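Its first residue numbered 116, the sequence shown is counted upward by one per residue in the numbering used here. Where is the CB? At the ideal position from N, CA and C, for every residue including glycine. Please read these numbers as outputs of a predicted model, since none were measured by experiment. The next block holds one structure in the form of C-alpha cells; read it before the comments.
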Amino acid sequence: MSEKPWGGRFESPTNEFVEAFNASIDVDARMYGEDIAGSRAHARMLHKQKILSDEDLKSILSGLDQVFNEIEDGDFTFKIALEDVHMNIESRLTALIGDAGKRLHTARSRNDQVATDTRLYLRGRTDTMVDHLRQLQSVLVVLAKQHAATIMPGFTHLQTAQPVTLGHHLLAYVEMFERDAERFLDARRRMNQSPLGSAALAGTTFPIDRHMTAAELGFDGPTRNSLDAVSDRDFIMELLAAASICAVHLSRLAEELILWMSAQFHFIDLPDAFCTGSSIMPQKKNPDMPELVRGKTGRIIGGLVAMLTTVKGLPLAYNKDMQEDKVAIFDAFDNLQGSLRVFADMLPGMKVNKQTLHAAASSGFATATDLADALVRAGVPFRDAHEIVGKSVAHCIKSNIELHQMDSASCEQIDPRLKSDMVAALSVEACVAARNHVGGTAPEQVIAQVVFWQQRLENSHA
Ligand code: ARG
C-alpha cells in the first residue's frame, strides 16, 4: 500500500522529481504547532458531536502530544514523500496510535486545514511584528527626546529648505510605524475567522460544530462561506501589503542614515557593530545594515506582487498554486521582522554630530522663508517679500555671505522695506522655535509629542 494518504486510486508511484517538487514541507513544517492545535480542536469537536468515541479521542490527544514533543525535541523526521506538515503529522500519529489516527481526518480536508493553520500561524506572527514595531517606535521616541532641540537642515528635493529639529524628523518615522502597526492589526482582525469545517470546498455531511472549533482556536467565529474560506488568500495579500508599506518606511529611514553617514553629510555615525569594512580599502566603514534593510524591501514588495499575480487567475476553490502563498509571506515576515529588530538594536548607538547638523542648517539660506515672513509682518505683501528675499539670496551668493551677515547698505539697496534688524534677527534657533503649533518643529512641540508617544506606547504594551 502506498505511504501516501491519497494513494488508493493510483496505480504507479509519483515521479521522484515530482515528489520533491510538489512537496511544501520545507516551507510549512514551521506550522506544526498550529496544525496540532487545529487537530486537537477538531478531534474534541468530533467527539462532542458523537462522531469520535471516547477512546479514539483519548488516543488522538495523547498521540498528538507525543508528535508535538517529538518535533520540539528534534526527534521527528519530516518526509518529502509525505508532502506537507499536515500529512507528516497525520502519518506519524497513525503510526503511533493506529486506526484512531486514521479517523482524525473525518469531516476535514487539507484545504480547510491549511487555511486554518496559516491564519493561526500568521496571527501569532502579526502580533510579534506589532511588538517589534512598538519596540522601534520606543527607541525613536527616546532619541527624539534627546534631540528635541537639535537643529538640522530640513530638505525638500534634497535641497536645504528650512531648519528643523532632529527630534521632529525622527518622530515623523514614529508616525509611519504607527500606521504600519494599525494596518497589521486591522488585517489581523479581518483574518481571525475559522475556515475549519469548510472541508474540501463544500462543507461536510457530518453534524459538525464550527462555532466550537472556532472558539477553541481563538477565532472570532467561523467563516460564512466554505468556497470562500478555502480559496481566500486576502489575508496574506493584506499582510504582504502592510509588510511592503512598512518596509518602504524602513527603507526611507535606511536611505537617510546611509546619506547622513557619508563623508559629504557627516551628520551621524553608526556603531561599529552594525557596519563592516572593505577588503581592499582600509579606510572604509560601510553602513551595511541600513543598506541591507533597504535591499530587503525589494523582496518584500516582490512577495506582494507574487501573491497578487498567483491568485489573480485562479478559479474557485482550492488550487495547488496557492501553496506558493507561504513562500512569499514567510519570507516577507522573516525579513521585515529582522529589519525592525536590527534598526531597534542599532539606533540607540547612533552618534549625532550636532555641530555639523547646526552648521548645515545655518548655511544654504535655510532662514530665507523666515525673512520673508518678517517682511510680511512689517506690511509687505508676501509675493513682494518673496522677491526681495530672492534678490537678497542672490546678493549673498555673489558676496559669499549668509543672510544674517548682510549690512544695512545692501539691505537698503535691494529694497528700502528690507531692514537690517530683520536680517540680524535671523537664526536657526529662532526659526525652529517660531514654528510652535501642533505638528510644528519647535522643541516645545517635539517634547509634547514625545510625552504623547510615551503614554501611547506604554498603553499599547499593557
Ligand atoms: N501543502 C498544501 C498547501 O500548502 C496543503 C493543501 C493541499 N491540498 C490539496 N488538495 N492538495 O497548499
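>> Measuring only the C-alpha atoms, how far is Gln608 from Gln564?
In response: An answer regarding residue 608 cannot be provided, because it is not within the stretch 116 to 577 covered by the chain.
>> Quick check: the Cα distance between Asn515 and Gly479, rounded to an integer number of angstroms?
In response: Gly479 has its alpha-carbon roughly 11 Å from the corresponding atom of Asn515.
> If you drop the 5 nearest sequence neighbours on each side, which residues of the same chain put their C-beta closer than 7 Å to that of Thr328?
Replying inline: Ala156, His157, Met160, Ser309, Leu311, Gly312
>> Which complete beta strand (DSSP E) runs does the stretch 364–409 hold, if anything under 3 residues is left out?
In response: none
>> Whole angstroms are fine: how far does the CA of Thr556 sit from the CA of Ser341?
In response: 53 Å
> DSSP puts Val280 in a beta bridge; with which residues?
Replying inline: Reading off the sequence, residue 280 comes out as Thr, not Val. According to DSSP, Thr280 bridges with Ile266.
> Can you find a heavy atom of the ligand ARG that lies under 8 Å from the Cβ of Ala315?
Replying inline: Under cutoff, so the answer is yes.
>> Applying the 10 Å Cβ sphere with the 16-neighbour rule, what's the burial state of His247?
In response: buried
> If you run the structure through DSSP and keep just helix, strand and coil, what is Gln564?
Replying inline: Collapsing the DSSP output to three states places Gln564 in a helix.
>> Considering only the alpha carbon of each residue, which of Ile416, Ala263, Glu331 lies closest to Lys469?
In response: Ala263
> Taking 8 Å as the cut-off, does the CB of Arg223 come closer than this to any heavy atom belonging to the ligand ARG?
Replying inline: Checking the Cβ of Arg223 against the ligand ARG gives no.
> Can you tell me the Cα-Cα spacing of Gln228 and Asp295, whole angstroms?
Replying inline: Pairing Gln228 with Asp295, the inter-Cα distance amounts to about 29 Å.
>> Excluding the 5 residues flanking Pro405 on each side, which residues of the same chain have their C-beta closer than 6 Å to its C-beta?
In response: Ala369, Leu372, Ile373
> Excluding sequence positions up to five away, which residues of its chain have a Cβ less than 6 Å from the Cβ of Ile562?
Replying inline: Annotation for Ile562: Ala263 place their beta carbon closer than 6 Å to its own, counting only its chain and skipping 5 residues before and after.
>> Are there any heavy atoms of the ligand ARG lying less than 8 Å away from the beta-carbon of Tyr236, as far as the coordinates show?
In response: no
>> Tell me the residue span of the alpha helix (DSSP H) that contains Tyr147.
In response: 147–163
> According to DSSP, what are the bridge partners of Pro337?
Replying inline: Ser309
> What is the DSSP secondary structure of Thr275, reduced to helix, strand or coil?
Replying inline: strand
>> Looking at chain B, is there any beta carbon in it that lies within less than 9 Å of the beta carbon of Lys173?
In response: Absent from the structure is chain B; it holds one protein chain and no more.
> If Leu490 sits next to Ile503, beta carbons under 8 Å apart, how far is it from one beta carbon to the other, in whole angstroms?
Replying inline: 6 Å
> In chain order, what residues of the same chain lie with their CB nearer than 6 Å to the CB of Phe132, ignoring the 5 residues before and after it?
Replying inline: Cβ neighbours of Phe132 beyond the five flanking positions: none.
>> Only counting the same chain, and skipping five residues up and downstream in sequence, which positions put a Cβ closer than 7 Å to that of Val60?
In response: Past the edges of the chain, shown from 116 to 577, lies residue 60, and the structure says nothing about it.
> Taking 8 Å as the line, does the beta carbon of His157 fall inside it for any heavy atom of the ligand ARG?
Replying inline: no
> When the distance is taken between beta carbons, is Gly153 closer than 9 Å to Leu235?
Replying inline: yes
> Which residue from Met306, Val442, Ala483 puts its Cα closest to that of Ala509?
Replying inline: Ala483
>> If you measure between the beta carbons of Leu219 and Ala259, is that distance less than 9 Å?
In response: no
> Any heavy atom of the ligand ARG closer than 8 Å to the CB of Gln261?
Replying inline: no
> Exposed or buried, what is Thr391 when buried is set at 16 or more other beta-carbons lying within 10 Å of its beta-carbon?
Replying inline: Classified as exposed, Thr391 has fewer than 16 neighbouring CB atoms from the shown chains inside 10 Å of its CB.
> Exposed or buried, which one is Asp188 when buried takes at least 16 other CB atoms within 10 Å?
Replying inline: exposed
>> Taking the alpha-carbon of Glu297 as reference, which of Leu354, Thr319, Asp347, Arg339 has the nearest alpha-carbon?
In response: Leu354
>> In the DSSP output, which residue or residues are listed as bridge partners for Val467?
In response: Ile383
>> At the level of alpha carbons, what is the spacing between Ala545 and Pro278?
In response: 10 Å
> So, using beta-carbon positions, are Ala549 and Met267 closer together than 9 Å?
Replying inline: no
> Under the three-state reduction of DSSP, which class applies to Glu126: helix, strand or coil?
Replying inline: Taken through DSSP and simplified to helix, strand or coil, Glu126 comes out as coil.
>> Classify Gln560: buried if its beta carbon has 16 or more other beta carbons within 10 angstroms, exposed otherwise.
In response: buried
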